[in-house]
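Asks: My numbering puts the first residue of the sequence shown at 4, with every later residue one more than the last.
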Amino acid sequence: KNTPPNVKLLAFNTLVRPKLEYASVVWDPFTKKDINKLERVQRRAVRFIYDKFKRSDSPSSLMQINKIELLQERRQIARLKFLSLLANDKLSINRYAYLKPIATRQTRHHQPHSLTPYFARTNLFKFSFFPRTINDWNSLPTESLPSSYLMTA
Numbered sequence: 004k005n006t007p008p009n010v011k012l013l014a015f016n017t018l019v020r021p022k023l024e025y026a027s028v029v030w031d032p033f034t035k036k037d038i039n040k041l042e043r044v045q046r047r048a049v050r051f052i053y054d055k056f057k058r059s060d061s062p063s064s065l066m067q068i069n070k071i072e073l074l075q076e077r078r079q080i081a082r083l084k085f086l087s088l089l090a091n092d093k094l095s096i097n098r099y100a101y102l103k104p105i106a107t108r109q110t111r112h113h114q115p116h117s118l119t120p121y122f123a124r125t126n127l128f129k130f131s132f133f134p135r136t137i138n139d140w141n142s143l144p145t146e147s148l149p150s151s152y153l154m155t156a
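#1: May I ask you to verify whether the region 38-58 touches the region 97-109, counting CB pairs closer than 8 Å and requiring at least 3?
#2: Counting only the same chain and skipping the five closest in sequence on each side, list residues whose C-beta sits under 8 Å from that of Tyr101.
#3: Distance check for Trp30 and Ser131, CA to CA, integer angstroms please.
#4: List the whole-angstrom C-beta distance separating Leu74 from Gln114, where the pair is believed to meet the contact cut-off of C-beta under 8 Å.
#5: In terms of residue numbering, what span does the alpha helix (DSSP H) encompassing Phe33 cover?
#6: Which residue comes first and which comes last in the alpha helix (DSSP H) that contains Thr136?
#7: Which residue spans inside the region 57-114 form an unbroken beta strand (DSSP E) run of at least 3?
#8: Can you tell me whether Ala156 is buried or exposed, with buried defined as 16 or more other CB within 10 angstroms of its CB?
#9: Classify Thr96 as buried or exposed, calling it buried when 16 or more other Cβ atoms lie within 10 Å of its own Cβ.
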């Protein structure tokens, strides 16, 4: 009760959040139900950190005020970082087995960093790492990426 919020936040960031994000690059949930289960843990923690337990206290506004990102956003950023490491040969995985630059000319919808999307017939595959992350990657604006992120053949 007497612990300052910054200490509680540090404890959450070092002890709880790593458990919630462990291997999230590969198991990132896609159903609202599963996403909400994870976000609920963080919302409860935010209420505890700032001692705001009333129904009128909004964990979402507390998170915005204190610049605490949603876990879903953090997982998406982690997936994109992992894909950029793979695309730039920073991992000992053959990128050509999984990533292929898009084979069309540059247009509004196909930027120099675009990758060929995977065709997915089922949701299980559609929301797995490569199809989902490549779609997110292709929707990034080119201006937001450093030139080192552009995949070269």
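Ideal placement from N, C-alpha and C gives every residue a C-beta, glycine not left out.
Replies: From the atom records:
#1: Touching, no, given that fewer than three Cβ pairs across the two stretches are closer than 8 Å.
#2: Apart from the 5 residues on each side of it in sequence, Tyr101 sits with its Cβ closer than 8 Å to the Cβ of Leu89, Phe133 in its chain, given in chain order.
#3: If you draw a straight line from the Cα of Ser131 to the Cα of Trp30, it comes to about 8 Å.
#4: Distance from Leu74 to Gln114 at the Cβ level is roughly 28 Å; contact not present, criterion being Cβ atoms closer than 8 Å.
#5: DSSP places Phe33 outside any alpha helix (DSSP H), giving it a letter other than H or E.
#6: First-last of the alpha helix (DSSP H) with Thr136: 132-141.
#7: Inside the region 57-114, DSSP marks no whole beta strand (DSSP E) run of 3 or more residues.
#8: Residue placement at Ala156 is poorly supported in this model, since its pLDDT is 47, which falls under 50; the coordinates still yield a value, given next. Here Ala156 is exposed: its Cβ has fewer than 16 other Cβ atoms, across all protein chains shown, within 10 Å.
#9: Inspection of the sequence shows that residue 96 is occupied by Ile rather than by Thr. Label assigned to Ile96: exposed.
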